[in-house]
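Per our numbering, the very first residue in the sequence shown carries number 16; after that it's consecutive. Positions of the beta carbon are idealized from the N, C-alpha and C atoms, including for glycine. Worksheet: one structure, shown below.
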Amino acid sequence: MSAVKLPPHDGPVLSVVDMHTGGEPVRIVLSGAPVPEGGSLLERRRWLRDKADWLRRLLLLEPRGHRDMYGVLLVPSEEPGAHLGAVFIHTEGYSTMCGHAVIALGRFAVDYGIVPRAPGGPDTPVRIHCPCGPVQAYVSTSGGRSGAVRFHSVPAFTLATDVSVEVPGYGKLVVDIAYGGAFYAFVSAERFGLDVCTSKTRDLVDVAAAVTASVKEQVKLAHPENDEMAFLYGTILTDGNDGYSEQPTANICVFADSQVDRSPTGSGVTARIALQYHKGLIQLDQTRSFRSGATDSVFTGKAVKETTCGNLKAVIVEVSGQAFYTELNKTVPLESNLLLIKF
Ligand SMILES: O=C(O)[C@H]1NCC[C@@H]1O
Numbered sequence: 016m017s018a019v020k021l022p023p024h025d026g027p028v029l030s031v032v033d034m035h036t037g038g039e040p041v042r043i044v045l046s047g048a049p050v051p052e053g054g055s056l057l058e059r060r061r062w063l064r065d066k067a068d069w070l071r072r073l074l075l076l077e078p079r080g081h082r083d084m085y086g087v088l089l090v091p092s093e094e095p096g097a098h099l100g101a102v103f104i105h106t107e108g109y110s111t112m113c114g115h116a117v118i119a120l121g122r123f124a125v126d127y128g129i130v131p132r133a134p135g136g137p138d139t140p141v142r143i144h145c146p147c148g149p150v151q152a153y154v155s156t157s158g159g160r161s162g163a164v165r166f167h168s169v170p171a172f173t174l175a176t177d178v179s180v181e182v183p184g185y186g187k188l189v190v191d192i193a194y195g196g197a198f199y200a201f202v203s204a205e206r207f208g209l210d211v212c213t214s215k216t217r218d219l220v221d222v223a224a225a226v227t228a229s230v231k232e233q234v235k236l237a238h239p240e241n242d243e244m245a246f247l248y249g250t251i252l253t254d255g256n257d258g259y260s261e262q263p264t265a266n267i268c269v270f271a272d273s274q275v276d277r278s279p280t281g282s283g284v285t286a287r288i289a290l291q292y293h294k295g296l297i298q299l300d301q302t303r304s305f306r307s308g309a310t311d312s313v314f315t316g317k318a319v320k321e322t323t324c325g326n327l328k329a330v331i332v333e334v335s336g337q338a339f340y341t342e343l344n345k346t347v348p349l350e351s352n353l354l355l356i357k358f
């Protein structure tokens, strides 16, 4: 083996860092990606979708990724004070908010020197411009190492409660719809005779995907300030324990094209807290723990202040969690012949 020669990798490459937050992967592109055109982050996101979608497919689909893979493209931001602009990508397309990726990006930004560690303070602020708006993360450091991250997202609100939908195969049911940077429908898994922690993931996915399809078809969503946010990202099945308790409450998020979030879902926890607050089930600064039905990983969250979004009452929610590195500085050659399994 001593005479092994390296193959000629002299073409263009992407450099990526892989992390996970609560078990949910996030692939961050360090360098090698095209710089998207546009005068705003949302325009750059559209450019990536329309002109360079090969990048998302190359990074996330098989054989480099899998049907539940997730990633972030770092882009310039026009937002004053932003350290990073982030375009979130999943296996079906582009999302507007991603809490698990924000938690990973906070740590990444500090560790890779994009944001200097705050001298003396326990937390380094990292401002991330997401497609839904500016998100403020705080990265804790202890013994010189970055650790848990908490973030304050864009104003979160409840759009509607007890919305009646007809779901083929499951009949008429009611869902709540709330926004935490993306819109989710919420319904208790019990309604389908399922348990978010012990039922087969396949069964939970089937139910959640059917709910998402029906809500998309039967309910018109509106965002008070930005039409680009006005779509249903997924359905979150819960254990129904929405009243305040020190015990964790479990949920599982099925988003985009039946993708299963391994984490408790940062934007989903944000929306779920907005919903609980709207229903008077929790107060400001009451911390709740949210457990992922998929992996048992936990985020904590609380509503920290009242605000508005357009004409709607909203809250700023703080979500905390921890991200870990899975691969550092991986090189991905830009040659590809994608062969996708047909499910
Ligand atoms: O944590 C979150 O908010 C994200 N995780 C995957 C689906 C959501 O974008």
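Within 8 Å: the Cβ of residue i and any heavy atom of ligand 1?
i      : result
PHE198 : no
GLY283 : yes
THR302 : no
PHE201 : no
PHE270 : yes
GLN262 : no
HIS81  : no
GLU107 : no
GLY316 : no
CYS113 : yes
GLU321 : no
GLU39  : yes
ALA116 : yes
SER273 : no
ASP276 : yes
With residue i as the anchor, note down where its alpha helix (DSSP H) starts and where it stops.
i      : result
ALA286 : 281–293
SER161 : It is not in any alpha helix (DSSP H) - SER161 instead sits in the beta strand (DSSP E) that spans 160–167.
ASP68  : 68–75
ALA124 : 114–126
Where does residue i land, buried or exposed, given buried means 16+ other C-beta within 10 angstroms?
i      : result
GLY336 : buried
ASP257 : buried
ASP191 : buried
TYR340 : exposed
LYS40  : Correcting the residue type first, residue 40 is Pro in the shown sequence and not Lys. Its Cβ being crowded by 16 or more others within 10 Å, PRO40 is buried.
PRO137 : exposed
PHE246 : exposed
VAL50  : exposed
GLN233 : exposed
ALA18  : exposed
LEU355 : Because LEU355 carries a pLDDT of 49, less than 50, the predicted location of this residue cannot be relied on, and the following value inherits that uncertainty. Exposed is the call here.
ASP300 : exposed
ASP68  : exposed
HIS81  : exposed
In the DSSP assignment, the beta strand (DSSP E) including residue i goes from what residue to what residue?
i      : result
THR156 : 148–157
THR253 : 247–253
SER229 : It is not in any beta strand (DSSP E) - SER229 instead sits in the alpha helix (DSSP H) that spans 216–233.
GLY316 : 313–324
PHE305 : 303–307
VAL211 : Here VAL211 belongs to no beta strand (DSSP E), and DSSP marks it neither H nor E.
MET34  : 28–36
GLU93  : No beta strand (DSSP E) contains GLU93, which DSSP labels as neither H nor E.
ARG42  : 39–46
LEU327 : 327–336
GLU181 : 172–182
ASN241 : Counting along the chain, ASN241 falls outside any beta strand (DSSP E), and DSSP gives it neither H nor E.
Between residue i and chain D, is any beta-carbon pair separated by less than 9 Å?
i      : result
ASP257 : No chain D appears in the structure shown, which is made up of a single protein chain.
Item to complete: Tell me, please, whether the stretch 146–166 touches the stretch 295–306 by the rule of three or more beta-carbon pairs shorter than 8 Å.
Response: no
Fill in: Touch test, the stretch 118–128 against the stretch 283–298, Cβ-Cβ under 8 Å, three pairs minimum
no
Worksheet item: Looking at C-beta atoms only, is the number of pairs between the stretch 39–58 and the stretch 322–337 that lie closer than 8 Å three or more?
Response: no
Discussion item. Quick check: the stretch 271–286 against the stretch 176–190, are at least 3 beta-carbon pairs closer than 8 Å?
Written reply: no
Practice prompt. Determine contact between the stretch 161–180 and the stretch 193–206, defined as no fewer than three beta-carbon pairs at a distance below 8 Å.
Written response: yes
Discussion item. Using 8 Å as the cut-off, can you tell me whether the stretch 60–69 makes contact with the stretch 101–113, which would need three or more C-beta pairs spanning the two stretches below that distance?
Written reply: yes
Discussion item. I'd like to know if the stretch 246–255 and the stretch 218–226 are in contact, where contact means that at least 3 CB-CB pairs between them fall below 8 Å.
Written reply: In short, these stretches touch, since the Cβ pair count reaches three.
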